[in-house]
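Novice:
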């Protein structure tokens, strides 16, 4: 607990504020200390809370969607709130420029050093655990990660070896599905998640925000909520705000206009191709394609004329590299909405194209 006078003194130093509670550490940058809630003249006290969930509370939460992920250590419910002069309190929902450090459980240092221990937060809206990434500090035995909002957080270990797959698949609605193998693999890696209890909904549409979030996770990007401010239709409290901001900053995704991202719109197949090619380029695995080769690749589709001019090159590149294929009847369906299964499969193919190691 800090008074606003104490917060002001820290701000004057130009250094970050570090607060440790129950083993979890909040590190607030000078930018964070300028949040509107803190400069409000009625604000009197800044409070931090890091509550360790009880066994009963943990049991009430869904398990990670991947059978290869297990919770490591405590689940923390992190909160920062301001108490006003009149005694009223308000939680700060959006807090850019903040880092959280969670302690690595004893005996798991090797997993953390190998990159097998990452931070996850519980998305109340989707009912799923979302990958936050994180960097291991061996000196202090903590995993640090950037946050822009507060929720339930935990470290999870990816069980890479010596884990046998359960007799039943992780998602009951993909048994026998053409994309079952790829969905299970991508879920095991923590890149995709289900939409409910043991459900993946493979034939449902995937939104632009969901696809951008997966790309950000695959690229290992840290959330960058402030970078999403350019998009007026990305709410400050949206679960995907940090991922969209990070993906946009990295050049993986663009808006539909200068200030609009259309996060809830289904992603079209040509938009997906464009994002895939940008991702491959970021990873240094994209080869140039000539106008001649582009024309040759697209000539195989009877609806090539429907492909937008800006999407011709990325669609041709995605087809040439085996990332995407047409649908039925020799058509690419560039303006068709991608399904969750399609998106997962093409992203799986992207992973297979990247250098391993």
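In this note's numbering, the protein residues as written are 175 to 531.
Glycine included, every Cβ here is placed at the ideal spot set by N, Cα and C.
(1) Tell me the DSSP secondary structure of residue 262 in three-state form.
(2) Ignore the nearest five residues each way along the sequence and tell me which others in residue 245's own chain have a CB closer than 6 Å to its CB.
(3) Measuring CA to CA, which of 249, 447, 471 is closest to residue 231?
(4) State buried or exposed for residue 298, treating a residue as buried only when at least 16 other CB atoms are found within 10 Å of its CB.
(5) With a threshold of 8 Å between beta carbons, is residue 361 in contact with chain D?
(6) Within its chain, find whatever has a CB closer than 8 Å to the CB of residue 341; leave out the 5 residues flanking it on each side and keep chain order.
(7) Taking its Cβ as the centre, do 16 or more other Cβ atoms sit within 10 Å of residue 426, making it buried, or is it exposed?
(8) Of the residues 378, 434, 285, which one's Cα is nearest the Cα of residue 544?
(9) Relative to the C-alpha of residue 194, which candidate in 175, 294, 445 has its C-alpha closest?
(10) Would you kindly work out how many angstroms separate the C-alpha atoms of residue 202 and residue 190, rounded to a whole number?
(11) Measure the Cβ-Cβ separation of residue 315 and residue 283 and say whether it is below 8 Å.
(12) In three-state DSSP terms, what is residue 232?
(13) So, do the segment 393 to 410 and the segment 357 to 374 have three or more beta carbon pairs nearer to each other than 8 Å?
(14) How long is the line joining the alpha carbons of residue 502 and residue 348, rounded to whole angstroms?
(15) If distances are taken between C-alpha atoms only, which option among 305, 184, 209, 291 comes closest to residue 271?
(16) Who are the near neighbours of residue 225 in its chain, counting only those whose CB is closer than 6 Å to its CB and skipping five residues on each side?
(17) Give me the residue from 365, 472, 486, 200 with the minimum Cα distance to residue 390.
(18) Nearest-angstrom Cα distance between residue 218 and residue 266?
(19) Could you name each continuous alpha helix (DSSP H) segment of 4 residues or more that falls completely within the segment 177 to 209, going from the start of the chain to the end?
Specialist: According to the structure shown:
(1) Counted from its first residue, the chain shown places residue 262 at position 88. In the structure shown, the three-state DSSP call for residue 262 is coil.
(2) For this step, residue 245 is matched to residue 71 along the chain shown. Correct list, in chain order: 328, 330.
(3) Residue 231 sits at position 57 when you count from the first residue of the chain shown. Comparing Cα-Cα distances from residue 231 to each of 249, 447, 471, the minimum goes to 249.
(4) Residue mapping note: residue 298 aligns to position 124 of the chain shown, counting from 1. Residue environment for residue 298: exposed (fewer than 16 other C-beta atoms within 10 angstroms of its C-beta).
(5) The structure shown contains no chain D; it is built from a single protein chain.
(6) Taking the first residue of the chain shown as 1, we reach residue 341 at position 167. Bear in mind that a pLDDT of 38 at residue 341, under 50, signals an unreliable position, so the number given afterwards is only what the model happens to contain. So the list is empty, once near-sequence residues are dropped.
(7) Counting from 1 along the chain shown, the entry for residue 426 is found at position 252. Counting Cβ neighbours within 10 Å, residue 426 comes out buried, since at least 16 surround it.
(8) The chain is shown only over 175 to 531; residue 544 falls outside these bounds and no answer can be derived.
(9) Locating residue 194 in the chain shown gives position 20, where the first residue counts as 1. Taking only the C-alpha atoms, the option nearest residue 194 is 175.
(10) Counting from 1 along the chain shown, the entry for residue 202 is found at position 28. Counting from 1 along the chain shown, the entry for residue 190 is found at position 16. If you take the alpha carbons of residue 202 and residue 190, they lie about 5 Å apart.
(11) Position 141 of the chain shown holds residue 315. Position 109 of the chain shown holds residue 283. Yes, Cβ-Cβ distance for residue 315 and residue 283 is below 8 Å.
(12) By 1-based counting over the chain shown, the position of residue 232 is 58. Helix.
(13) Fewer than three Cβ pairs drawn from the segment 393 to 410 and the segment 357 to 374 lie within less than 8 Å of each other, which leaves the two stretches out of contact.
(14) For this step, residue 502 is matched to residue 328 along the chain shown. For this step, residue 348 is matched to residue 174 along the chain shown. Going from the Cα of residue 502 to the Cα of residue 348 covers about 21 Å.
(15) Walking along the chain shown from the start, residue 271 turns up at place 97. Per the Cα distances, 209.
(16) Numbered from its first residue, the chain shown carries residue 225 at position 51. A distance below 6 Å between beta-carbons, with the five flanking residues on each side excluded, links residue 225 to the following residues of its chain, in chain order: 251.
(17) The residue labelled residue 390 in the question sits at position 216 within the chain shown. Comparing Cα positions, the closest option is 365.
(18) By 1-based counting over the chain shown, the position of residue 218 is 44. By 1-based counting over the chain shown, the position of residue 266 is 92. Cα to Cα, residue 218 sits roughly 14 Å from residue 266.
(19) Runs of the alpha helix (DSSP H) inside the segment 177 to 209: 178 to 187.
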